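Please read the structure below before turning to the comments.
In my numbering, the protein residues as written are 32 to 211.
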């Protein structure tokens, strides 16, 4: 079974690799991997305004693999859905994995010279997607009522536990337009 390369190899921000086009001659990336994030908006989508917004922000520039974002989304949403129900909150994933991760598979040992070209054609094949997040960039946002702020903090903390790097939760009062 093929194994994923450890993400520490891709965590730092480097040159983006995102050129996709429906016209093949204009697309540098010929194969588009599946984004892997099932839903970007969860909870109550019909209510237009909640009094409080909690935002999960990054403390550093980094890349987030789509599997990590999906795992965090599931954990955070499970906490909110179990306690509040399906209508007392809105959770929005604010990052999208545009960046295509590449891998140049190098084999070692006997017979490896027949499989690999070494570093001659080293750009690699697409093997996954990542979202590029900058310092103080919003990763996820939860809108809720005042009595559910602590629960939303817990959900965002669970979300952040699945992600690489450091992050923090910011509480925003939508009525007064103030960060608490």
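Beta carbons are placed, not taken as given, at the ideal position from N, Cα and C, and that holds for glycine.
It should be emphasised that the depicted structure is a prediction, and the values quoted were computed from it without experimental measurement.
Whole-number beta carbon distance between residue j and residue i, since they are thought to touch under 8 angstroms
i, j, result
"residue 64", "residue 157", "6 angstroms"
"residue 186", "residue 94", "Contact doesn't hold; Cβ gap of about 23 angstroms is too wide."
"residue 183", "residue 85", "5 angstroms"
"residue 119", "residue 179", "6 angstroms"
"residue 66", "residue 128", "6 angstroms"
"residue 82", "residue 206", "6 angstroms"
Neighbourhood of residue i by C-beta, 6 angstroms cutoff - its chain only, sequence neighbours within 5 removed
i, result
"residue 203", "84, 210"
"residue 59", "50"
"residue 74", "120, 121, 122"
"residue 62", "157"
"residue 38", "96"
Coil, strand or helix - residue i by DSSP
i, result
"residue 32", "Caution is warranted here: a pLDDT of 46 is assigned to residue 32, below 50, making its placement in the model unreliable, and the coordinate value is therefore given only provisionally. Three-state DSSP puts residue 32 in coil, outside helix and strand."
"residue 105", "helix"
"residue 89", "strand"
"residue 160", "strand"
"residue 111", "helix"
"residue 100", "helix"
"residue 172", "strand"
"residue 52", "coil"
"residue 187", "helix"
"residue 68", "coil"
"residue 179", "helix"
"residue 38", "helix"
Residue j beta carbon less than 8 angstroms from that of residue i
i, j, result
"residue 121", "residue 76", "yes"
"residue 14", "residue 92", "With the chain running from 32 to 211 in the structure shown, residue 14 is simply not present."
"residue 123", "residue 54", "no"
"residue 195", "residue 42", "yes"
Residues near residue i by beta carbon distance below 8 angstroms, same chain, minus five either side
i, result
"residue 198", "87, 88, 89, 90, 170, 191"
"residue 107", "122, 171, 173, 186, 187, 189, 190"
"residue 99", "38, 193, 194, 195"
"residue 117", "74, 75"
Close Cβ partners of residue i (< 7 angstroms) along its chain, the five nearest in sequence each way excluded
i, result
"residue 134", "36, 155, 156, 158"
"residue 114", "182"
"residue 166", "89, 90, 91, 92"
> Is the number of C-beta pairs between the stretch 165-181 and the stretch 103-117 that are closer than 8 angstroms three or more?
Replying inline: yes
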